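Trainee: Residues 1 to 817 in full-length UniProt numbering are what the sequence shown lists, from first letter to last.
Sharing a structure with you now.
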Amino acid sequence: MSLLEETFEVKFSFNSALANRLQVFRPTLNQPLEATLQSYSDTYKVEFQKIDERYITVTFPTKQVSICATIIDTKTGTPIKNAIIYSSSSQFNADNGGTFSIAEIEQTETLQIYNNDIFLRSITVLEILEKPEPCPLLFASANVNYLSTVTLQSYLVKGISKNAEGSITINNNNFEILPSLVEPDVLQIAQALPGIESYDETASNINVRGGASDELLILWNDIRMYQTGHFFGLISAFNPNLIDNVIIYKNGTHPRYNEGVSGVLNMQSSNNVTKNVDGGIGINLSSANLFARMPLSETFAIDISGRTSINSGVGNPIYKSFFQRTFQNTEVTNLSTNTSNGIRNTEQSFNFYDINITSIWDISKKDKLQYNFMTINNKLAFTERFIAIDSSSALFNELRQRTLVGNFDYKRTWNSKLNTRLLYSSSTYVFDGENKAVELLTESSQRNEVREQQVRFDVNYRLNNAITFQTGYQYTDTKIRDNQILATSSIPIINESNSIVNAFYLNSILRLFDNTTIVTLGGRLTNFSNLNTQFEPRVNINHKLKKHWNIFAAAEEKSQHILQFVARENQLLGIESKQWLIANGVDVPLLESQQLSIGTDYTFDGFTFIAEGFYKKVDGVNIKNLGFRNQLQDVNTIGSYNAKGVEVSVAKNTERFTSSLSYTYLDNDYTFNSLSPKNFRSNFDVTHTASLAATYKLGNFKIAVGSNYHSGLPYTTPLNTNAIIDVDGKPQIQYNEPNNKTLNSYLRVNTSALYDFKVDETFKGKINVALLNIFDKKNALDSYFEIETDADGNNTINRVDQFSLGFTPNISFQLLF
Numbered sequence: 001m002s003l004l005e006e007t008f009e010v011k012f013s014f015n016s017a018l019a020n021r022l023q024v025f026r027p028t029l030n031q032p033l034e035a036t037l038q039s040y041s042d043t044y045k046v047e048f049q050k051i052d053e054r055y056i057t058v059t060f061p062t063k064q065v066s067i068c069a070t071i072i073d074t075k076t077g078t079p080i081k082n083a084i085i086y087s088s089s090s091q092f093n094a095d096n097g098g099t100f101s102i103a104e105i106e107q108t109e110t111l112q113i114y115n116n117d118i119f120l121r122s123i124t125v126l127e128i129l130e131k132p133e134p135c136p137l138l139f140a141s142a143n144v145n146y147l148s149t150v151t152l153q154s155y156l157v158k159g160i161s162k163n164a165e166g167s168i169t170i171n172n173n174n175f176e177i178l179p180s181l182v183e184p185d186v187l188q189i190a191q192a193l194p195g196i197e198s199y200d201e202t203a204s205n206i207n208v209r210g211g212a213s214d215e216l217l218i219l220w221n222d223i224r225m226y227q228t229g230h231f232f233g234l235i236s237a238f239n240p241n242l243i244d245n246v247i248i249y250k251n252g253t254h255p256r257y258n259e260g261v262s263g264v265l266n267m268q269s270s271n272n273v274t275k276n277v278d279g280g281i282g283i284n285l286s287s288a289n290l291f292a293r294m295p296l297s298e299t300f301a302i303d304i305s306g307r308t309s310i311n312s313g314v315g316n317p318i319y320k321s322f323f324q325r326t327f328q329n330t331e332v333t334n335l336s337t338n339t340s341n342g343i344r345n346t347e348q349s350f351n352f353y354d355i356n357i358t359s360i361w362d363i364s365k366k367d368k369l370q371y372n373f374m375t376i377n378n379k380l381a382f383t384e385r386f387i388a389i390d391s392s393s394a395l396f397n398e399l400r401q402r403t404l405v406g407n408f409d410y411k412r413t414w415n416s417k418l419n420t421r422l423l424y425s426s427s428t429y430v431f432d433g434e435n436k437a438v439e440l441l442t443e444s445s446q447r448n449e450v451r452e453q454q455v456r457f458d459v460n461y462r463l464n465n466a467i468t469f470q471t472g473y474q475y476t477d478t479k480i481r482d483n484q485i486l487a488t489s490s491i492p493i494i495n496e497s498n499s500i501v502n503a504f505y506l507n508s509i510l511r512l513f514d515n516t517t518i519v520t521l522g523g524r525l526t527n528f529s530n531l532n533t534q535f536e537p538r539v540n541i542n543h544k545l546k547k548h549w550n551i552f553a554a555a556e557e558k559s560q561h562i563l564q565f566v567a568r569e570n571q572l573l574g575i576e577s578k579q580w581l582i583a584n585g586v587d588v589p590l591l592e593s594q595q596l597s598i599g600t601d602y603t604f605d606g607f608t609f610i611a612e613g614f615y616k617k618v619d620g621v622n623i624k625n626l627g628f629r630n631q632l633q634d635v636n637t638i639g640s641y642n643a644k645g646v647e648v649s650v651a652k653n654t655e656r657f658t659s660s661l662s663y664t665y666l667d668n669d670y671t672f673n674s675l676s677p678k679n680f681r682s683n684f685d686v687t688h689t690a691s692l693a694a695t696y697k698l699g700n701f702k703i704a705v706g707s708n709y710h711s712g713l714p715y716t717t718p719l720n721t722n723a724i725i726d727v728d729g730k731p732q733i734q735y736n737e738p739n740n741k742t743l744n745s746y747l748r749v750n751t752s753a754l755y756d757f758k759v760d761e762t763f764k765g766k767i768n769v770a771l772l773n774i775f776d777k778k779n780a781l782d783s784y785f786e787i788e789t790d791a792d793g794n795n796t797i798n799r800v801d802q803f804s805l806g807f808t809p810n811i812s813f814q815l816l817f
């Protein structure tokens, strides 16, 4: 190829590992290039695709090969017995000597190796073939991360797998491309799964099976995160470069996890000392980033990554769309005349950064110590101006968010059966908001501060090949301080609360009937310092009916005592005015959930079908925390919600083409016995949700197209007659029943493309382009009503509509080494 490149001044792009396995004749240089390429195509079944006058991609034919290998424990040097090896569609078993062989498998496949529910390593078929021995040794080490047996290796798309104990794992290193993304953002990837949505279109406010966003427990290396987004949640706060994998639970949660009555999302960094230095630098329209993995010795390494906002001023299409979505997409319409009454405009400045550092020390063959550190910082200042025909007003707002977290994670492998883990973590989250009314010379402020420390001790004991026990203890100390000054008073209102939690858990994994049935059964006992003690059973059952067909069921009880409420007094435009608080058992009760689900999955020859039905009930819901902007805004009462539905997914994966279709049906209602009516639709009662995605790969080029659809969100309308009444000398809107109307359906079409290339022997490049909402569809996300009184004392009702992001392009370039 190099001879052709020099002679004809072209550049070939191809998989070097595949090219090295193909022996070809020396090209003839006295004939046109097209003739030479055609002869190669005819002889070797190689495809050439001309991108432009200079660049040509090369696609090699799919080839079935036979492989053999022996898996060796890196720490002990002995064979790993009875390991399980997964391809994208099949499962293979190693023998007692750690050896496995596969008669026919595509040479482009990636294999995942597990032993006793523990992930060991991944390796490509080509990497095995490139080794000189006919049956080479594959060295692997156990990472105790409680991953159970994989039942679906490619769940919807490559890089997502479903496990027998109920969790879903996203392998960030294997994930390739998703419509609308220029980098593998794990919070956005999670929303590709059925039952996981973001109804306000943000990266960080995630709704799981009809639950509120604070009902999802988000962890980074087992540290609870109280800040998960930049710029009102539109940008994820987690740099994806050093996130190795993500574990997600929607039901049947492992009992080592507390809180999160609707689900768990745990991001994990790599815990391996790399042999070589690698990293990269990148830039896109919203941020610049860098990362590096640096082994300082054979047993010690430091991984570091950082990201900062760039060019957040005028002219940047990303920030222009973000500001329009957050501030300028609010149009006020007068209902009596149905005409535009005024527009809110803003002047703003915004910046953010996040830094991650991980150090890994293999103290001995049995001991590993890891330190994880992260800091996140946001600052946003804006002046909001409302301009009408006969008046104007201005508000100056400044918002700051800071997060500082760290932990020490010590793991010891005592022997082949026993592992322990000791973890200490500390975290601080601070929210500062300030609001000044220029014309009125008034000022208000709010500060919400969370400080948390936690100690965990976990034990993993494998009794035999059929039974594994996992147990542990957790101590958590959480302090929350809320300090606010209202515009009507200069006296600060201070609320402080503290919670100490002691918890014990026990979990068992039973492999029955030659591993055709896997039962995960456990429970959690949690003692709160200011609430009643809770016992929470958890269970998962997975049964293999046939080779490619499984049925599964899960059930759980969970509780949550740290949650969010919306501070309406702080007029910081909604999203970031959510504050954290601790349940006190009185006006803020403990959230308690019960959930049951049952489903089936079938996979064969790259085809996957999954269907699951669920029922969830959550008690202890305070209506004040739901963010209503209607007759329920100032009501204080306790109730519950019931969510039931069905999730269906179909996917087809081939070497070049992948496609997936997901659909969710949801019926979600509140119950508040003290209200009339006592039953009405939930704020997240979105009946139909569907997503469609397709990806095509040709050489080093990939393109993805997808669409997201869901029914409109509920909202409440005023009465048609006598909508305004006087209450104690103040006008008040009279409403219909809560959530009596539905917004128009939401539909967004996105696309993205990825091209990676080799710069030289050291550097590789990657270019991503993403187009969000390519048809620029104006989707309504919220609608509420306000009273306006003019100079003559006449009252009118204004409708406020908030809309989604418009057409938003993004492009990124990354240089890897």
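Here a beta-carbon is modelled for each residue, glycine too, at the ideal position from N, C-alpha and C.
Bear in mind that the values here come from a model prediction, so they are computed numbers and not experimental data.
Can you look up P240 in the DSSP assignment and give me helix, strand or coil?
Mentor: For the purposes of this step, residue 240 is identified with residue 240 of the sequence shown, where counting begins at 1. P240 falls in the helix class under three-state DSSP.
Trainee: Among E106, E165 and T124, which residue has its Cα nearest to the Cα of R511?
Mentor: The residue labelled residue 511 in the question sits at position 511 within the sequence shown. Checking every option, the nearest Cα to that of R511 belongs to E165.
Trainee: Between A292 and V273, is the Cβ-Cβ spacing less than 8 Å?
Mentor: Mapped onto the sequence shown, residue 292 falls at position 292. Mapped onto the sequence shown, residue 273 falls at position 273. Against a cut-off of 8 Å, the Cβ pair of V273 and A292 comes out as no contact.
Trainee: Taking its Cβ as the centre, do 16 or more other Cβ atoms sit within 10 Å of H688, making it buried, or is it exposed?
Mentor: Against the sequence shown, residue 688 aligns to sequence position 688. Exposed, because fewer than 16 other Cβ atoms sit within 10 Å of the Cβ of H688.
Trainee: Rounded to whole angstroms, what is the Cα-Cα separation between Q31 and V759?
Mentor: For this step, residue 31 is matched to residue 31 along the sequence shown. For this step, residue 759 is matched to residue 759 along the sequence shown. Straight-line Cα distance between these residues: approximately 28 Å.
Trainee: Run through the DSSP bridge pairs and tell me what I189 is partnered with.
Mentor: The count along the sequence shown starts at 1 and reaches residue 189 at position 189. The partner list for I189 (beta bridge, DSSP) is empty, contrary to what the question assumes.
Trainee: Can you look up L380 in the DSSP assignment and give me helix, strand or coil?
Mentor: Here residue 380 refers to the residue found at position 380 when the sequence shown is read from its first residue. Three-state DSSP puts L380 in a strand.
Trainee: Use the C-beta contact count for A203: other C-beta atoms within 10 angstroms, 16 or more gives buried, fewer gives exposed.
Mentor: Translated into the one-based positions of the sequence shown, residue 203 becomes position 203. Looking at its Cβ environment, which holds 16 or more other Cβ atoms inside 10 Å, A203 is buried.
Trainee: To the nearest angstrom, how far is the alpha carbon of L178 from that of N750?
Mentor: Indexing the sequence shown from 1 puts residue 178 at position 178. Indexing the sequence shown from 1 puts residue 750 at position 750. Between L178 and N750, the C-alpha separation is close to 9 Å.
Trainee: Determine the extent of the beta strand (DSSP E) in which L545 is found, giving its start and end residues.
Mentor: By one-based count along the sequence shown, residue 545 stands at place 545. Residues Q534 to K546.
Trainee: Between the segment 579–588 and the segment 459–469, can you find at least three pairs of beta-carbon atoms closer than 8 Å?
Mentor: In short, these stretches do not touch, since the Cβ pair count stays below three.
Trainee: Can you tell which of I206, D362 and L404 has the C-alpha that lies nearest to the C-alpha of residue 819?
Mentor: For residue 819 there is no data in the structure shown, the boundaries of the chain being 1 and 817.
Trainee: Just to confirm before moving on: does the CB-CB distance between F684 and N668 stay below 8 Å?
Mentor: Taking the sequence shown and counting its residues from 1, the one referred to as residue 684 is at position 684. Taking the sequence shown and counting its residues from 1, the one referred to as residue 668 is at position 668. Yes, the pair counts as a contact, with Cβ atoms nearer than the cut-off.
Trainee: CA-CA distance, S489 and S640?
Mentor: Residue 489 sits at position 489 when you count from the first residue of the sequence shown. Residue 640 sits at position 640 when you count from the first residue of the sequence shown. Spanning the two alpha carbons is a distance of roughly 35 Å.
Trainee: Tell me whether R629 sits in a helix, a strand or coil according to DSSP, three-state version.
Mentor: To locate residue 629, count along the sequence shown from 1; it is residue 629. Residue state, collapsed to three classes: coil.
Trainee: I'd like to confirm the pairing. Which residues does DSSP put opposite V769 in its beta bridges?
Mentor: Numbered from its first residue, the sequence shown carries residue 769 at position 769. Bridge partners of V769: A753 and I811.
Trainee: Check the DSSP bridge columns for L713 and list the partner residues they point to.
Mentor: Your numbering for residue 713 matches position 713 in the sequence shown. None; L713 has no bridge partner.
Trainee: Can at least three beta-carbon pairs, one atom from the segment 633–648 and one from the segment 158–172, be found at a separation below 8 Å?
Mentor: No: fewer than three Cβ pairs fall under 8 Å.
Trainee: Apply the 10 Å Cβ neighbour rule to D303 and answer buried if 16 or more other Cβ atoms are within range, or exposed otherwise.
Mentor: Here residue 303 is taken as the residue at index 303 of the sequence shown, counted from 1. Looking at its Cβ environment, which holds 16 or more other Cβ atoms inside 10 Å, D303 is buried.
Trainee: Comparing the C-beta of S508 with each C-beta of chain D, is any distance below 8 Å?
Mentor: The structure shown contains no chain D, having only a single protein chain.
Trainee: Among the candidates Y55, I610 and L591, whose CA atom is the shortest distance from the CA of K621?
Mentor: Residue mapping note: residue 621 aligns to position 621 of the sequence shown, counting from 1. For clarity, residue 621 is Val in the given sequence; the question names Lys instead. Among Y55, I610 and L591, the Cα nearest to that of V621 is on L591.
Trainee: For R325, which of helix, strand or coil comes out of DSSP?
Mentor: What you label residue 325 is simply residue 325 of the sequence shown in a count that begins at 1. Reduced to three states, the DSSP call for R325 is helix.
Trainee: Using CA coordinates, which residue listed in Q191, F457 and A381 is at the minimum distance from T664?
Mentor: Numbered from 1 along the sequence shown, position 664 holds the residue referred to as residue 664. Considering only alpha carbons, the answer is Q191.
Trainee: Are the segment 248–266 and the segment 536–553 touching by the rule of at least three beta carbon pairs closer than 8 Å?
Mentor: Contact between the segment 248–266 and the segment 536–553 is present, because at least three Cβ pairs lie under 8 Å.
Trainee: Taking just the CA atoms, how far does N316 sit from R451?
Mentor: Taking the first residue of the sequence shown as position 1, residue 451 is located at position 451. Taking the first residue of the sequence shown as position 1, residue 316 is located at position 316. Rounded to whole angstroms, R451 to N316 spans 36 Å at the Cα level.
Trainee: Which word fits T658, buried or exposed, when buried means at least 16 other C-beta atoms lie within 10 angstroms of its C-beta?
Mentor: In the sequence shown, residue 658 corresponds to position 658, counting from 1. Answer is buried; the Cβ neighbour count reaches 16.
Trainee: Could you compute how far the alpha carbon of I189 sits from the alpha carbon of G159?
Mentor: By one-based count along the sequence shown, residue 189 stands at place 189. By one-based count along the sequence shown, residue 159 stands at place 159. Going from the Cα of I189 to the Cα of G159 covers about 10 Å.
Trainee: What did DSSP end up calling A704 once you bin it into helix, strand or coil?
Mentor: Walking along the sequence shown from the start, residue 704 turns up at place 704. Of the three classes helix, strand and coil, the one that applies to A704 here is strand, per DSSP.
Trainee: Excluding the 5 residues preceding and the 5 following H230 in the sequence, name in chain order all residues of the same chain whose CB lies nearer than 7 Å to its CB.
Mentor: Counting from one through the sequence shown, the residue named residue 230 turns up at place 230. Only A237, F352 and N378 meet the Cβ criterion.
Trainee: Would you kindly report the start and end of the unbroken alpha helix (DSSP H) that includes I128?
Mentor: Reading the sequence shown from its first residue, position 128 is the one you call residue 128. Taken as a continuous stretch (DSSP letters only), the alpha helix (DSSP H) holding I128 covers V125 to L129.
Trainee: Consult DSSP for L181 and reduce its assignment to one of helix, strand or coil.
Mentor: Start at 1 with the first residue of the sequence shown, and residue 181 comes out as number 181. Three-state DSSP puts L181 in coil, outside helix and strand.
Trainee: Which of helix, strand or coil does DSSP assign to S41?
Mentor: Within the sequence shown, residue 41 is the residue found at index 41, counting from 1. If DSSP states are grouped into helix, strand and coil, S41 belongs with the helices.
Trainee: Starting from A212, trace the beta strand (DSSP E) in both directions and tell me its first and last residue.
Mentor: Within the sequence shown, residue 212 is the residue found at index 212, counting from 1. Counting along the chain, A212 falls outside any beta strand (DSSP E), and DSSP gives it neither H nor E.
Trainee: E331 by DSSP, collapsed to three states: which one?
Mentor: Position 331 of the sequence shown, counted from the start, is the residue given in the question as residue 331. Only weak support is given to the placement of E331: the predicted model assigns it a pLDDT of 46, under 50, and the value that follows is read from those uncertain coordinates. Strand at E331.
Trainee: What residues in its chain sit with their C-beta under 8 Å from that of F807, if we drop five residues either side in the sequence?
Mentor: Numbered from its first residue, the sequence shown carries residue 807 at position 807. If we look at F807 and ignore the five residues flanking it on each side, its Cβ neighbours are S321, L771, L772, N773, I774, F775 and D776.
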